[in-house]
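Under this note's numbering, the first residue of the sequence shown is numbered 735, with each subsequent residue one higher.
From the three backbone atoms N, C-alpha and C, an ideal C-beta is built for every residue, glycine too.
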Amino acid sequence: MLAGLYLRFGEGLSEEANRRALALAETLLQAPPPGLLDAVPAYGTLYLEYDPRRLPKARLLRLLKAPPREEVGEGRVVEVPVRYDGEDLREVAGRAGLSVEAVKALHQKPLYRVYALGFTPGFPFMAPVEPPLRLPRRPHPRPRVPAHSVAVAGPQTGIYPLPSPGGWNLLGTSLVAVYDPHRPEPFLLRPGDRVRFREAEGPTPEEPPPLELLPEDPLLPAIRVEEAGLLDLVVDGGRFLAGHLGLARSGSLDPRSARVANRLVGNPEGAPLLEIAYKGPVLTALRPLVAALAGYGLVGLLEGEEVAPGRSFLWPRGKALRLLPKGRGARVYLAVAGGLEAKPFLGSVSPDLRGRIGRPLKAGDVLGLKALRPARAGLAYPLPPLPEVLALRLLPGPQHTREAFLALLEGPFRVARADRVGLELEGPEVPGGEGLSEPTPLGGVQVPPSGRPLVLLADKGSLGGYAKPALVDPRDLWLLGQAWPGAWVRFRAP
């Protein structure tokens, strides 16, 4: 269970408001109270996500009244060399009525403040850009912005750590990597730092390869991947208290089904297990296992017999388990007694695919057990059927308007695209907009100026600049993990 709380310390671009947000975030993150799941600061906003069962809202509010442990200082001054070769450099010069040399000089003039990290891991949101360069985002975001691109949008400038979609105006290329998960310190910049750009020439830094989380030689080999599925991931409960670095929560997209699978084999909640989406793998047991499936849209086939989700079963050594599509839904979870072995990154074995942390399974991988744990086959937990139309309760969001809320309730919406980042919906046009980037809540309904809603899921960026007029009720988040392209969604008031 989760709940969210937005704290606003000022409107617009305010260094004082950002100082207050960072100071409170640092105080909470230095000694996080049990039940605090995340603390994500931005320009003048701090978003707190918490588990109300462990951290009641009244106690959280009392904690917030205590003064910060210390004021946030000026931070370090970091010089970033830039090769000004951006695809939009000449267009920006033309729109600003300046020469290319004048644009470069203006971009290098300020000593920028890092207000936040987000969007993707390590992406620094910096300001203020000189007024002549304060151009709006591009009307149509690029599907792929090259890694290390230096860009501007409104009063902000930033550096894309990795290839990603983006709508900012590209001015050049950073000659140092602001993020690399293989470094002892993955993040070059932190909120509160100061940055000065300096024109330079030199090679573009290499993109970091994915950080391997699966052990090369597991201690207790248990499963061999004969054929990979569409997207098979080893996940746990997710990566908490890392949103201020731009890292995704990750973890299971349908946590309810993941809990059921682990419970059926006697594992603790959050034990590492396999999330299988749409088209499943072929897996061979390397030792006798007790396993369980839970979820929707796939079934197992073991020695010619169907293994339906919701029951633990004996998986003999040397026998292949095939995961095949069947029925409505998108994901099942395969748990084995003892859990799966993987190396954690900042507290979680779950991958952050946009951050090059971990990867999907591939043929030839060998998964190991985290521990030997006795378990009994034949336990069952009946799963409720998945409805034809996914009914989702809706709560007001941080940019709530009556007009947008009513448009969402009008529905229905069709799922045009579904992945671990979010669901893109087609249906009635919803009033939206853009502004300064701020933290994005899990289940947030984000609406760009196009009016097409996107419901944010576990691999979302931690910051975003589009309006969020509504949130999906946390009790219904598991349903979002089971939405498939073409499914119908209808929002309703709680």
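Exercise. What separation, rounded to the nearest whole angstrom, lies between the Cα atoms of G1199 and P1118?
Worked result: By one-based count along the sequence shown, residue 1199 stands at place 465. By one-based count along the sequence shown, residue 1118 stands at place 384. One C-alpha to the other measures close to 37 Å.
Exercise. Taking all protein chains shown into account, do 16 or more other C-beta atoms lie within 10 angstroms of the C-beta of P1132, making it buried, or fewer, making it exposed?
Worked result: One-based indexing of the sequence shown puts residue 1132 at position 398. Buried, because 16 or more other Cβ atoms sit within 10 Å of the Cβ of P1132.
Exercise. Any idea what DSSP makes of W1212, helix, strand or coil?
Worked result: As a position in the sequence shown, residue 1212 is number 478, starting the count at 1. Looking at W1212 - three-state DSSP - the assignment turns out to be helix.
Exercise. Taking the C-alpha atoms as reference points, what is the distance between P1162 and D785?
Worked result: Locating residue 1162 in the sequence shown gives position 428, counting from the first residue. Locating residue 785 in the sequence shown gives position 51, counting from the first residue. C-alpha separation (whole angstroms): 33 Å.
Exercise. Looking at the unbroken alpha helix (DSSP H) that takes in G828, where does it start and where does it end?
Worked result: Along the sequence shown, read from residue 1 onward, the residue named residue 828 stands at position 94. Run containing G828: L823 to A830, per the alpha helix (DSSP H) assignment.
Problem set entry | Runs of beta strand (DSSP E) lying entirely within the segment 1063-1122, each at least 3 residues, in chain order | The DSSP assignment places complete beta strand (DSSP E) segments of no fewer than 3 residues inside the segment 1063-1122 at 1065-1070 and 1100-1102, in order along the chain.
Problem set entry | Uninterrupted alpha helix (DSSP H) stretches inside the segment 933-1003 (no shorter than 4 residues) | Every alpha helix (DSSP H) of 4 residues or more that sits fully in the segment 933-1003 is shown, in chain order, as 989-998.
Exercise. Does the distance from the C-beta atom of R928 to that of L979 stay below 8 Å?
Worked result: Taking the first residue of the sequence shown as 1, we reach residue 928 at position 194. Taking the first residue of the sequence shown as 1, we reach residue 979 at position 245. Not in contact: R928 and L979 (Cβ atoms no closer than 8 Å).
Problem set entry | Meets three-Cβ-pair contact criterion under 8 Å: the segment 1005-1020 and the segment 953-971 | yes
For this session: Could you please give me the residues that DSSP links to F1047 through a beta bridge?
Result: Walking along the sequence shown from the start, residue 1047 turns up at place 313. BP columns for F1047 point to A1025.
Exercise. Between W1212 and the rest of its own chain, which residues show a CB-CB distance below 8 Å, the 5 nearest in sequence each way excluded?
Worked result: For the purposes of this step, residue 1212 is taken as the residue at position 478 of the sequence shown. So the qualifying residues of the chain are D988, P989, R990 and S991.
Exercise. So is R754 buried or exposed if we call it buried at 16+ other beta carbons inside 10 Å?
Worked result: Position 20 of the sequence shown, counting from 1, holds the residue named residue 754. Buried: at least 16 other Cβ atoms inside 10 Å.
For this session: Specify whether the segment 1060-1071 and the segment 1083-1099 touch according to this definition: at least 3 beta carbon pairs, one from each stretch, less than 8 Å apart.
Result: no
Exercise. Which term fits S1269, buried or exposed, when burial requires 16 or more other beta carbons within 10 angstroms of its beta carbon?
Worked result: Because the chain is modelled from 735 through 1228, residue 1269 falls outside the range shown and cannot be assessed.
For this session: Please confirm if the segment 1216-1228 is in contact with the segment 1134-1149, defined as three or more CB-CB distances below 8 Å between the two stretches.
Result: Touching, yes.
For this session: Figure out for me which residue from G1063, G1178 and A995 has the closest Cα to the Cα of P1116.
Result: Position 382 of the sequence shown, counted from the first residue, corresponds to residue 1116. Scanning G1063, G1178 and A995 for the CA closest to the CA of P1116 turns up A995.
Problem set entry | Length of the line joining the Cα atoms of G936 and G856 | Within the sequence shown, numbered from 1, the residue matching residue 936 stands at position 202. Within the sequence shown, numbered from 1, the residue matching residue 856 stands at position 122. Cα to Cα, the separation comes out at about 22 Å.
Problem set entry | Short Cβ contact (8 Å threshold) for A1138 with P1121 | If you number the sequence shown from 1, residue 1138 lands on position 404. If you number the sequence shown from 1, residue 1121 lands on position 387. Their beta carbons are not under 8 Å apart, which means A1138 does not touch P1121 by this criterion.
Exercise. Is the beta carbon of G1195 sitting closer than 8 Å to the one on F853?
Worked result: The residue labelled residue 1195 in the question sits at position 461 within the sequence shown. The residue labelled residue 853 in the question sits at position 119 within the sequence shown. Their beta carbons are under 8 Å apart, which means G1195 touches F853 by this criterion.
Exercise. For V886 versus L905, is the C-beta spacing smaller than 8 Å?
Worked result: Here residue 886 is taken as the residue at index 152 of the sequence shown, counted from 1. Here residue 905 is taken as the residue at index 171 of the sequence shown, counted from 1. Against a cut-off of 8 Å, the Cβ pair of L905 and V886 comes out as a contact.
For this session: State whether the segment 1099-1115 contacts the segment 1179-1193, with contact taken as three or more CB pairs (one from each stretch) at a distance under 8 Å.
Result: no
Problem set entry | P858 in three-state terms, based on DSSP | What you label residue 858 is simply residue 124 of the sequence shown in a count that begins at 1. Strand at P858.
Problem set entry | P875 to W902 span [Cα, whole Å] | For the purposes of this step, residue 875 is taken as residue 141 along the sequence shown, with counting starting at 1. For the purposes of this step, residue 902 is taken as residue 168 along the sequence shown, with counting starting at 1. For P875 and W902, the distance between alpha carbons rounds to 8 Å.
Problem set entry | Where F1139 sits in the DSSP three-state scheme | Taking the first residue of the sequence shown as position 1, residue 1139 is located at position 405. DSSP places F1139 in helix when its eight states are reduced to three.
Problem set entry | Rounded C-alpha distance that separates A911 from A982 | If you number the sequence shown from 1, residue 911 lands on position 177. If you number the sequence shown from 1, residue 982 lands on position 248. Taking the straight line from one Cα to the other gives about 19 Å.
Exercise. Is R1127 near the ligand FMN, in the sense that its beta carbon is under 7 Å from a heavy atom of that ligand?
Worked result: Here there are no bound small molecules, and the ligand FMN is not part of this structure.
Problem set entry | Straight-line Cα distance separating G1052 from T779 | Translated into the one-based positions of the sequence shown, residue 779 becomes position 45. Translated into the one-based positions of the sequence shown, residue 1052 becomes position 318. Here the alpha carbons of G1052 and T779 stand approximately 54 Å from one another.
For this session: Starting from the Cα of R958, find the closest Cα among L741, T1018 and S833 and give me that residue.
Result: Here residue 958 refers to the residue found at position 224 of the sequence shown. Here the closest residue by C-alpha is T1018.
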